[in-house]
Every structure is written in C-alpha cells, then in structure tokens.
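Colleague: Before we start, here is the structure in question, set down as structure tokens.
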Amino acid sequence: MKTQVCIIGGGPSGLMLSQLLHLKGIATIVLERQSREYVLARIRAGVLEHGFAALMREAQCGERMDREGEIHEGFFISNHGDMKRVDLHKYSGGSSVVVYGQTELTRDLYEARDRLQGVVIHNAEDVMPHDLKSDKPYVTYRSGDEIVRIDCDYVIGADGFHGVSRKSIPKNVLKEYEKVYPFGWLGVLSRTQPVSPELVYARHERGFALCSLRSQVLSRYYIQVPLSDNVEDWSDDAFWAELKRRLPTEVAEKLITGASIEKSIAPLRSFVAEPMRYGNLFLAGDAAHIVPPTGARGLNSAASDIYYLYHALLDHYQRGDDSGLDGYSAKALARVWKAQRFSWWMTTMLHTFPDSIEYDRKLQQTELDYLFSSEAAQRSLAENYVGLPF
Ligand code: FAS
Ligand code: PHB
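Residues in the sequence shown are numbered consecutively from 16, following this note's numbering.
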C-alpha cells in the first residue's frame, strides 16, 4: 500500500488531521489498534476551546457540535463553599468555550471519514514505523497472519501516551519531562440533569471536585481520590455523598444523583516529550504531551498540533515549502508548554496535596484571593481557558 501521510492512531488527533488533509486532496491512511466501538466507548474530555471548535467546522464535522454543544461564557470556582464566577466572556474579550464530549466529536470525525471514504484501518496490530530518517519511510502492521506494508512520505504519531510512535525515537534523541501528581480523578457519568448550568471547580480540604456535563440530560462529575484507590472501592452512593461534602451547600442541595453509566479513575500527570519531530515522524496530541485535566487543556493541546501539521503539510504538497514542517516541533512545543503551565497552575491551586505544609495551603488561598481581586489575573485565566492563539 502507498499513501502520502500515514497516521498512527484513530483518536481525535489522527482523525482530525486525516479529515483536514483529505479535504485538500492529500492522501492519508489511519491505522488504529482498537475497534471503532472501543475508541468510542472511552469517556474523556468535555470542554473545547474555540480554536478546536473552528477546526471541527473547517473539517466539515462541526454541524452536530454547533447544534448539540453548549456555548459556555463562564464557570464557577468554589473555595470551601465560597463560590465565585469566572466571567470568560468579559475577561477574554468576548470569547467562550464549547461543552461537547470527546466521544461525540470522535463519532462525528469517524462519520465524516466514512462520508469521504477515508481509509481508517481498525484492529491494526503491531504497528511499527520504519526508516524514519530516510525520504522513504514506511509503516508495517499485522492483520491476522499477514504483515502489511504502507509506503509513505510522512508518518504522524497520533497514537496517544501509550503508543508506539514516541518510543520509535531513539533515547539519545528524545528528552522527556514528567511530573506525577499524588492523586487521581474518580469520574462518574450519569443520565441526570447537571447540578449547575456552568462548570463548578471546587477546592475543599477533603479534596478537589468538579461538576461538568455533556448535555442537559448527561452529567459528568469528578472527585480527587488517593492513587491507592480502586474504582471498585467506590459505590455510587459513596461517590455522591463525597461529592456533596465538597460542594457549596446551595449546590449540594440541588444535586440530582443517579446510577453511574461510566465510572473510572484517571491518574494525573504532566508530561512533555521533545522534540516532536524525528526525521519524517511527527508526534501530535497525547503521543507527545499529557496534562492533568484540571485546565481542560488535554484535547485542546492536540488541536494546535494538528493545526500546525495541517498547514505545514499543505505548504509542502501545494507549494514545496517545508518551513512549516521544519519549524513544527518548536512552534508546537511553545504552545504545549503554555498549556502545561496553565494546567499545573489550576491543579496546584485547587487540589489538596497529601504532603502539603501550612505555608502551601496559605499560598493556595492567596492564589484564589488574588485571582478574584485582580482583573489582570482573571484576564490571564480567561485567555488560557478559552484557548491561547494558535
Ligand atoms: P488518544 O489517546 O485519544 O488516541 C490515540 C489513539 O491511538 C487511540 O485510539 C489508541 O487506541 C491508538 N493507539 C495507541 N497505540 C497504538 C498503536 N501502537 N497502533 C495503532 N493505534 C494505536 N482531556 C481533557 O481536556 N479533559 C478531560 O477531562 C480529559 N480526561 C481524560 C481521561 C483519560 C482517562 C485520558 C487517558 C485522557 C483524558 N483527557 C482529557 C485527555 C484526552 O482527551 C486526550 O487529550 C485526547 O484523547 C488526545 O487525543 P489523541 O492525541 O488523539 O490521543
Ligand atoms: C469534563 O467535562 O470531562 C471536564 C471538563 C473540564 C475539565 C476537565 C474535565 O477541566
């Protein structure tokens, strides 16, 4: 098989790039290790920056997002029950975010690939990139007993944190930066009306909590839990009771509980791999970077990688200009690290750290006092949350 751009990973990063390039006549093949059903069963991000939403529209996948997604112009921060609103619209100069689940946007991307007869190969096993430093790289994968070879011009590593692409970069070339947080998030999805029309990020001495949503009939809630916890340790009743303890009384009283239709614990880490290019391999999304979800930057950081790669590949194929490809890693990392900073700041400010000292907790309180006493601080938060420019 031969194509122009071989994309490893059929998550949002790989599908978005494949769709955007296809619309410009650039041939791609996406290799996905799992089935489509498996990919669509994962419950992940919920908040889209306006830049991500714009990319969905450019990829001709934004119609359902614009119909079913919710525009949010602010969110709340509760600090031991004292709740204040962050006015994103006012402090970002009129911008907002779209609340629309990653599961749904991934479904929209798959359906768009189907409409264009895009090539997405599922259950591709033992995917392996080869000859990345040559001008004739190729990728192999196993289908049953058969080894299939795909010759291409470029390989895109959009295969997430546990993928094969980053590991294909020699250890003496790759530099990894990692910070592991001493807690995780226990998340619950329930077919209940959301407790609040806008998200509520709650700081509490018992631990962080977040009230989010997917629609007016589908709620998403999280509580910070110790890394030693297992999801089996948490009954639905225990989850709801703990969530209520961490929310302001006026919110907890309104909480509509129900059976969890998904319940899982995600560890929190900050991670960046540099460089994001090795020969004709380009890393994008979680393959190259991970953030704690507190700042809702995970999926949104993937968006700017895809935006940069899309334009760089267009410039290459349409104008023979490789400056975008040559500058990709530095440009993508510049924005990735700003998302890392914001995610670290939100996480550090709002979570309860088991080994914190009194001075740390006073600083957390001061961060919140300063935030709500300074328009400059709220402008800084807002510009990061709605999305820094690509
Ligand atoms: P993905 O991991 O989504 O996709 C990579 C794809 O590559 C997967 O489908 C995988 O099956 C495939 N793959 C892996 N190895 C392969 C191989 N060797 N060969 C072929 N295919 C391979 N972000 C937020 O903004 N908010 C959140 O609340 C949030 N919650 C999260 C919870 C969890 C448990 C996780 C893991 C992530 C969460 N994220 C969240 C971040 C998440 O949304 C990612 O940023 C987003 O999925 C990134 O998309 P991709 O880069 O496409 O990577
Ligand atoms: C979610 O709805 O899953 C979500 C929203 C905002 C975050 C993290 C997760 O910061």
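Built from N, CA and C at the ideal position, the CB exists for glycine as well.
The model shown is predicted, which means the values in this text are computed figures rather than measured ones.
Take Asn245 as the anchor and find which of His366, Trp200 and Ser230 has the nearest alpha-carbon.
Modeller: By one-based count along the sequence shown, residue 245 stands at place 230. When each option's Cα is compared against that of Asn245, the closest is Trp200.
Colleague: In this structure, what does DSSP give as the bridge partners for Glu277?
Modeller: For this step, residue 277 is matched to residue 262 along the sequence shown. Glu277 pairs with Leu204.
Colleague: Alpha carbon to alpha carbon, what distance is there between Asn138 and Glu191?
Modeller: Stepping through the sequence shown from its first residue, residue 191 is reached at position 176. Stepping through the sequence shown from its first residue, residue 138 is reached at position 123. Roughly 29 Å between the two C-alpha positions.
Colleague: Do Gln117 and ligand 1 come close, with the Cβ less than 7 Å from some heavy atom?
Modeller: The residue labelled residue 117 in the question sits at position 102 within the sequence shown. Checking every heavy atom of ligand 1 against the Cβ of Gln117, one is found closer than 7 Å.
Colleague: When you measure from the CB of Leu225 to every non-hydrogen atom of ligand 2, does any distance come out below 7 Å?
Modeller: Walking along the sequence shown from the start, residue 225 turns up at place 210. Checking every heavy atom of ligand 2 against the Cβ of Leu225, one is found closer than 7 Å.
Colleague: In angstroms, rounded to a whole number, what distance separates the CA positions of Glu47 and Asp160?
Modeller: Counting from 1 along the sequence shown, the entry for residue 47 is found at position 32. Counting from 1 along the sequence shown, the entry for residue 160 is found at position 145. Approximately 17 Å between the Cα atoms of the pair.
Colleague: May I ask whether a heavy atom of ligand 4 can be found less than 7 Å away from the beta carbon of Gly310?
Modeller: As for ligand 4, it is missing from this structure, which binds only ligand 1 and ligand 2.
Colleague: Return yes when at least one heavy atom of ligand 2 lies under 7 Å from the C-beta of Gly15, else no.
Modeller: Outside the shown range of the chain, which is 16 to 405, sits residue 15, and nothing can be said about it.
Colleague: Could you tell me if the beta carbon of Gln34 falls within a distance shorter than 7 Å of some heavy atom in ligand 1?
Modeller: Mapped onto the sequence shown, residue 34 falls at position 19. Outside the cutoff, so no.
Colleague: Arg128 and Leu30: beta carbons closer than 8 Å?
Modeller: Sequence index remark: in the sequence shown, residue 128 carries index 113 (1-based). Sequence index remark: in the sequence shown, residue 30 carries index 15 (1-based). Yes, Cβ-Cβ distance for Arg128 and Leu30 is below 8 Å.
Colleague: Unbroken beta strand (DSSP E) runs of length 3 or more, entirely within the segment 146-187: which are they?
Modeller: Counting whole runs of 3 or more residues, the segment 146-187 contains the beta strand (DSSP E) stretches 153-158, 161-166 and 169-172.
Colleague: Give the secondary structure of Glu398 by DSSP, where H, G and I count as helix, E and B as strand, and everything else as coil.
Modeller: In the sequence shown, counting from the first residue as 1, residue 398 sits at position 383. Looking at Glu398 - three-state DSSP - the assignment turns out to be helix.
Colleague: In angstroms, rounded to a whole number, what distance separates the CA positions of Ala392 and Leu120?
Modeller: Taking the sequence shown and counting its residues from 1, the one referred to as residue 392 is at position 377. Taking the sequence shown and counting its residues from 1, the one referred to as residue 120 is at position 105. Going from the Cα of Ala392 to the Cα of Leu120 covers about 32 Å.
Colleague: Just verifying my parser: in three-state terms, what is the DSSP assignment at Gly310?
Modeller: Along the sequence shown, one-based indexing puts residue 310 at 295. Helix at Gly310.
Colleague: Let me confirm a value: Asp102 is counted as buried when at least 16 other C-beta atoms fall within 10 Å, else exposed. Which label applies?
Modeller: Position 87 of the sequence shown, counting from 1, holds the residue named residue 102. Classification for Asp102: exposed.
Colleague: Rounded to whole angstroms, how far is the Cβ of Met361 from the Cβ of Gln379, which I believe are closer than 8 Å?
Modeller: Taking the sequence shown and counting its residues from 1, one reaches residue 361 at position 346. Taking the sequence shown and counting its residues from 1, one reaches residue 379 at position 364. At roughly 11 Å, the Cβ-Cβ gap does not stay under 8 Å, so Met361 and Gln379 are not in contact.
Colleague: Excluding the five sequence neighbours on either side, which residues of its own chain have a C-beta within less than 6 Å of the C-beta of Ile184, listed in chain order?
Modeller: Reading the sequence shown from its first residue, position 169 is the one you call residue 184. Closer than 6 Å at the Cβ level, and outside the excluded window around Ile184, lie Tyr293.
Colleague: Return the bridge partner residues of Glu289 from the DSSP annotation.
Modeller: Start at 1 with the first residue of the sequence shown, and residue 289 comes out as number 274. Its beta-bridge partners are Lys190.
Colleague: Does DSSP put Asp301 in a helix, a strand or coil?
Modeller: The residue labelled residue 301 in the question sits at position 286 within the sequence shown. Asp301 falls in the helix class under three-state DSSP.
Colleague: For a test of the three-state rule: what should DSSP assign to Tyr321, helix, strand or coil?
Modeller: The residue you call residue 321 lines up with position 306 of the sequence shown. One point to set straight first is that residue 321 is Ile, not Tyr, in the sequence displayed. Helix, per DSSP.
Colleague: Do Ile305 and Ala173 count as a contact pair if the criterion is CB distance below 8 Å?
Modeller: Stepping through the sequence shown from its first residue, residue 173 is reached at position 158. Stepping through the sequence shown from its first residue, residue 305 is reached at position 290. No. Outside cutoff.
Colleague: Where DSSP assigns a beta bridge to Arg218, which residues make up the other side?
Modeller: Numbered from 1 along the sequence shown, position 203 holds the residue referred to as residue 218. DSSP output for Arg218 lists Asn94 as bridge partner(s).
Colleague: Bridge partners for Thr459 per DSSP, in chain order?
Modeller: Only positions 16 to 405 of the chain appear in this structure, which leaves residue 459 out of reach.
Colleague: Among residues of its own chain, excluding the 5 on either side of Arg261, which ones have a beta-carbon nearer than 7 Å to its beta-carbon?
Modeller: By one-based count along the sequence shown, residue 261 stands at place 246. Cβ within range, chain order: Ala217, His219, Arg221, Gly222, Ala224 and Ile238.
Colleague: For the candidate residues Phe297, Ala267 and Thr207, whose alpha-carbon lies nearest to that of Gly96?
Modeller: Counting from 1 along the sequence shown, the entry for residue 96 is found at position 81. Ranking the options by Cα distance to Gly96, first place goes to Ala267.
Colleague: Where does the unbroken alpha helix (DSSP H) through Ala69 begin, and where does it stop?
Modeller: Reading the sequence shown from its first residue, position 54 is the one you call residue 69. Its alpha helix (DSSP H) spans residues His65 to Glu73.
Colleague: Any idea what DSSP makes of Asp244, helix, strand or coil?
Modeller: Here the question's residue 244 lines up with position 229 in the sequence shown. Looking at Asp244 - three-state DSSP - the assignment turns out to be coil, as it is neither helix nor strand.
Colleague: Looking at the secondary structure, which residues open and close the beta strand (DSSP E) in which Val134 lies?
Modeller: The sequence position of residue 134 within the sequence shown is 119, counting from 1. Note, Val134: beta strand (DSSP E), Val134 to Ile136.
Colleague: Pairing CB atoms from the segment 265-282 with CB atoms from the segment 164-183, are three or more of them under 8 Å?
Modeller: Segments in contact, no.
Colleague: Between the segment 321-338 and the segment 365-385, do at least 3 Cβ pairs fall closer than 8 Å?
Modeller: The segment 321-338 vs the segment 365-385: no contact.
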